[in-house]
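**Q**
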Amino acid sequence: MFGQESRQLAEFTAFVTASSPYLARTAYLLTGRQDLADDLVQETLTRTYAAWPRVRGHDATGYARRVLVNLTIDGHRRRRAVLAEWVDLPDPADGEAAADDRDEVARLLARLTPQQRRIVVLRYFDDYTEAQTADCLGISVGTVKATCSRALARLRRLREPLREGDPT
Amino acid sequence: MNATEERLRSGLRELAAGVRTGAAPAVIDIVRRQRRQKRLRHAIAGTAATVLAAMVAWFAVAPRPVTVQPAPLATPTVAVDSVMQYFGFDAGDPLVRHTVGVAMTRRGPHWSIRVTDTPQARQAGSAHDLEAPIGDYFAAAVGGRLAIVIVPDTVRGVQFGRGWGWELQYRVIKDAGLSLAVAWRHDTGSPEPDLIWLGSDDRVRVDDGAPVPSVRMDLDDATIRVFRDAGQDAWGYFTDETTTRMALPPPTAHPEGAEVRVLGPGDGRRSIGMLPAGASRVTVTPAEPATWTTASMPDGTTWFFVRTVRGYTSDSSRNRLVTSVGYTSASGERVSYVPRLP
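Line by line, the protein sequences give chains A and B.
Start counting the first sequence at 71; every next residue gets the next number (the numbering used here).
Start counting the second sequence at 147; every next residue gets the next number (the numbering used here).
1) Can you grab the Cα-Cα spacing for the pair G289 (chain B) / P265 (chain B), in whole Å?
2) For L141 (chain A), which residues in the same chain have their Cβ closer than 7 Å to its Cβ, ignoring the five residues on either side in sequence?
3) Can you pull the chain A neighbours of R166 (chain B), defined as C-beta to C-beta under 9 Å?
4) 8 Å is my cut-off, CB to CB: does P422 (chain B) come that close to chain A?
5) Just to confirm, is the Cβ distance from W330 (chain B) to W343 (chain B) under 8 Å?
6) Tell me the DSSP secondary structure of L365 (chain B) in three-state form.
7) Considering just the uninterrupted stretch of the alpha helix (DSSP H) at D205 (chain A), what are its terminal residues?
8) Compare the C-beta of A180 (chain A) with all C-beta atoms of chain B and state if any pair is closer than 8 Å.
9) Report yes if the CB atom of D150 (chain B) is closer than 8 Å to the CB atom of L225 (chain A), and no otherwise.
10) Cα separation between L314 (chain B) and W122 (chain A)?
11) Near P432 (chain B), which residues of its chain fall below 8 Å by C-beta distance, leaving aside the five closest residues on each side in sequence?
12) Check this for me: beta carbons of A221 (chain A) and L182 (chain A), under 8 Å apart or not?
13) Return the residue from the list B:T429, B:Y383 and B:A476 that minimises the CA-CA distance to R302 (chain B).
14) Taking 8 Å as the threshold (beta carbon to beta carbon), is E313 (chain B) in contact with chain A?
15) May I ask you to report which of helix, strand or coil DSSP gives F82 (chain A)?
16) Any beta-carbon of chain A closer than 8 Å to the one on E151 (chain B)?
17) In angstroms, rounded to a whole number, what distance separates the CA positions of L161 (chain B) and V175 (chain A)?
18) What does DSSP give as the partner residues of F373 (chain B) in its beta bridges?
19) What would DSSP say about V226 (chain B), mapped onto helix, strand or coil?
20) Residues in the same chain with beta-carbon distance under 6 Å from V226 (chain B), minus the five sequence neighbours each way, listed in chain order, please.
21) For M363 (chain B), which of B:F450, B:P485, B:H244 and B:R243 has the nearest alpha-carbon?
22) Suppose the cutoff is 6 Å on Cβ atoms and the five residues either side in sequence are ignored; what does the same chain contact list for P444 (chain B) look like?
23) On a CA-only basis, which of B:D347, B:S346, B:G281 and B:P435 is nearest R252 (chain B)? Give me that one, please.
24) In three-state DSSP terms, what is T221 (chain B)?
25) Can you tell which of B:V361, B:V408 and B:V481 has the C-alpha that lies nearest to the C-alpha of L487 (chain B)?
26) Could you spell out where the alpha helix (DSSP H) holding Q112 (chain A) opens and where it closes?
27) Mind checking which residues open and close the alpha helix (DSSP H) that includes I189 (chain A)?
28) Answer yes or no: does any C-beta atom of chain A fall closer than 8 Å to that of G154 (chain B)?
29) Sort B:D375, B:E338 and B:V246 by Cα distance to G355 (chain B) and report the nearest one.
30) Could you work out which residues of chain A lie near A162 (chain B), taking near to mean beta carbons separated by less than 8 Å?
31) Could you pull out every residue in the same chain whose Cβ sits closer than 7 Å to the Cβ of T131 (chain A), ignoring the five residues on either side in sequence?
32) Going by beta carbon distance, what residues of the same chain come within less than 7 Å of T217 (chain A), once the five residues before and after it are set aside?
33) On the criterion of 16 or more Cβ atoms from any shown chain inside 10 Å, does G157 (chain B) qualify as buried, or is it exposed?
34) Where do the ends of the beta strand (DSSP E) carrying G403 (chain B) lie?
35) Please confirm whether D367 (chain B) and D413 (chain B) have their CB atoms less than 8 Å apart.
36) Roughly how many angstroms lie between the CA atoms of H400 (chain B) and A199 (chain B), to the nearest whole one?
Quick look at the structure:
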């Protein structure tokens, strides 16, 4: 019995080593904060281990990604106060930050609603199709399309002043 | 893709590249600690069982009056009169596990079943009583978060046909000639699960219905059994490694004209796919050194199975293994296609 457990732990350790960088990046993009991302990844992997006997033969990374996304949804529902922290990113008027593309993307992401942000990250970082995004979030494909379209429109509007050197 | 999408995609990757990724050691420490706690609980339970066995033995050898009772009637369907099984579930908090006990006692032609749900060291548990006919398929919802299923067969594998959000565990109880499955509902919006099982007769069944069409494909020592229930628009597979746990393909995958990667542990990297109806004289061109085979189901559909020549691996890559598939159509025309990756 313990031999089987040891084998499962060895498999899980290999899975954690392989998947945690990717999960950490996704968590950061979803939350915008390194400390929250670390907590989310730890919670995600702990839950994945609890379910390891049934997910190890399946798509464990997909399962962990879905747990991660659900945790961010739960976090927004349960802790509205945290939402303010999650969007606590550099001010757009900070000219030094505006010069950096990475800061610009972070700042733009922070201006999206949590749902828009999740969809944008899944579609354009995880390369999910609209159907896969809908399945992961438990919403319809139509909702994904509409929300993504609104998010892109908002990003275009937000980017214009920055591009013209007028970050107001 | 327009400029905004392209810029967003590259921007996200640049942003993600600078993220610190150091959670792995902490997580491994946590799960190791959980394992130690679990072993300690097992050791305590084992000690308690030993003490109990010693007490029972002492009472057994102690002198007492001899009583004679008539022998019980023989039961052709069940070799045991009672079954007791425990299942552990994490109900959202991995540190507070629920223990679900299923006690089955034979009462004539029925199982009298008591299902208990006990949270670890916290609130009081709950108990539910059920009755199931012996020798029949039985499924019941218990208390809104649990479902219990009895399959009158020593199954070789069980999985869900639907019901994402449920966690499934099962045991094969050979002495009783049955399999006992318990499912815990994690997502309240998830539909009631229906069970797909690979029976001891190597046939796939959905719930208690008739067998669904399936075909077995072997490549050396690797075996996969693909099933397809066209009426329910459902399909899936059982592998050697996954016959004791879930093994469904992604819900968005449709096998026709596709290459569906078989992920998870296994001997070599594997893919399967279904050819258009009426296909014959199939040839598969792998993208790397691999062996392949084809087989036809009773419903007339033809499938391919490809496996790379490699040792044990746990595959999570979705890269294609198949460059192209050729076949002769029902009209005699030779056709070649590149299978899509769902």
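The beta carbon of each residue, even a glycine, is placed where N, CA and C say it ideally should be.
Since the structure is predicted, the reported quantities are computational estimates derived from the model, not experimental observations.
**A** The short version:
1) 14 Å
2) L110, E113 and T114
3) A94, Y98, Q104, A107 and D108
4) no
5) no
6) strand
7) E200 to L207
8) no
9) Just to set this straight, residue 150 (chain B) is Thr in the shown sequence, not Asp. For T150 (chain B) and L225 (chain A), yes; Cβs fall inside 8 Å.
10) 12 Å
11) W438, V452, T454, L467, V468 and T469
12) yes
13) B:Y383
14) yes
15) helix
16) yes
17) 7 Å
18) B:S360 and B:G382
19) coil
20) D321 and A322
21) B:F450
22) P359
23) B:G281
24) Caution is warranted here: a pLDDT of 37 is assigned to T221 (chain B), below 50, making its placement in the model unreliable, and no coordinate value can be reported.
25) B:V408
26) Q104 to A120
27) P184 to Y194
28) As written in the sequence, residue 154 (chain B) is Leu, which differs from the Gly given in the question. Cβ-Cβ to chain A under 8 Å: yes for L154 (chain B).
29) B:D375
30) R95, T96, Y98, L99 and F195
31) S89
32) Q185, Q186 and I189
33) buried
34) Note, G403 (chain B): premise wrong, no beta strand (DSSP E); not H, not E.
35) yes
36) 55 Å
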